[in-house]
Amino acid sequence: MHDISINESFTINPIGYIESDYPDKFGIPRQPGLATAAKATLILTPPFNTPLSVRGLEAFSHLWISFIFHRSPEEWAPLVRPPRLGGNKKIGVFASRSTHRPNRLGLSLVELVGIDTHNGARLLLKGADLMTGTPVVDIKPYLPWTEAVPNARSGFAPAPPPFYPVEFSSAAEKALAQRADASDLRQLITQVLGQDPRPAYHHGQPEREYGMQLRDVNIRFQIQQMPELGNVVYIISIQKNN
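Below is the structure:
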């Protein structure tokens, strides 16, 4: 007989929150590590922000971040439509990595590039797929000798998603040239938009224009068909937010 009732609830308090290159949901890569140029900071909050809580963490290169999908609705359904299946085929929520799930818990593997303990505790991360404001509920070191499974099966997603070439208009090139972080921002835009962030049901709508927020800019883009290249992400404009 289990001591815990199936009706018992648990309270989970965030230990910190994320500040990242993604101010909005749209455009965030659907998995961690796909945009290695993406930077994020995990800011631990009291009483968890003592430097003692991260002592020894600098010895690890990667971390598991447990978080809450705080911008997803609390309602969930047993069947979901993964974008990798075109947004049409349904599979069980527990056979997916959908954000619409019971308890809204997420898990991301990120690279740890630094720890700042001058005023509390902040973890500097790369490759995170987390938007600004994401509540974090736990951190664990990644152990490749037990957690990497080379021959694992991965169901409907056996390989990385396709990556499209990214072309910049003259106006977008001019906007980039005026920034001190031009090279870094170009790499970030290429890595993020090359994954085609459009909803799956929009893939049959070429030439439609889209906008997304990335870092401190608004980016307008469209998917174009080009001879020999196929689908190309065309960056129309890059405008700094007011």
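Under full-length UniProt numbering, the residues of the sequence shown are numbered 1 to 242, in order.
Each residue gets a CB set at the ideal place from its N, CA and C atoms; glycine is no exception.
Since the model is a prediction, treat every value here as computed from it, not as a measurement.
Proximal residues to residue i (C-beta, below 6 Å), its chain only, five neighbours per side dropped
{"i": "Y22", "result": "I28, M131"}
{"i": "Q213", "result": "P23, D24"}
{"i": "D116", "result": "R122"}
Check whether residue i and residue j have beta carbons under 8 Å apart
{"i": "H100", "j": "V113", "result": "no"}
{"i": "I15", "j": "D138", "result": "yes"}
{"i": "F67", "j": "G106", "result": "yes"}
{"i": "A35", "j": "G127", "result": "yes"}
{"i": "V233", "j": "L188", "result": "no"}
{"i": "Y164", "j": "D196", "result": "yes"}
{"i": "T50", "j": "L124", "result": "no"}
{"i": "R198", "j": "I223", "result": "yes"}
Limits of the beta strand (DSSP E) - the one that residue i falls within
{"i": "Q222", "result": "217-226"}
{"i": "P144", "result": "Careful: P144 lies outside any beta strand (DSSP E), inside the alpha helix (DSSP H) at 144-147."}
{"i": "P197", "result": "P197 -> no beta strand (DSSP E), and no H or E assigned at all."}
{"i": "G230", "result": "230-240"}
Backbone CA spacing between residue i and residue j [nearest angstrom]
{"i": "Y210", "j": "T190", "result": "15 Å"}
{"i": "E58", "j": "F48", "result": "17 Å"}
{"i": "I235", "j": "F10", "result": "46 Å"}
{"i": "S154", "j": "R71", "result": "27 Å"}
{"i": "residue 311", "j": "N231", "result": "Coverage of the chain is limited to positions 1 through 242, which leaves residue 311 absent and any answer about it impossible."}
{"i": "N13", "j": "L44", "result": "12 Å"}
{"i": "P141", "j": "W64", "result": "6 Å"}
{"i": "residue 247", "j": "P144", "result": "The displayed coordinates of the chain run from 1 to 242. Any statement about residue 247 would go beyond what the structure contains."}
7 Å Cβ shell around residue i - same chain, five flanking residues per side excluded
{"i": "N88", "result": "R81"}
N- and C-terminal bounds of the alpha helix (DSSP H) containing residue i
{"i": "Q191", "result": "182-193"}
{"i": "S170", "result": "170-177"}
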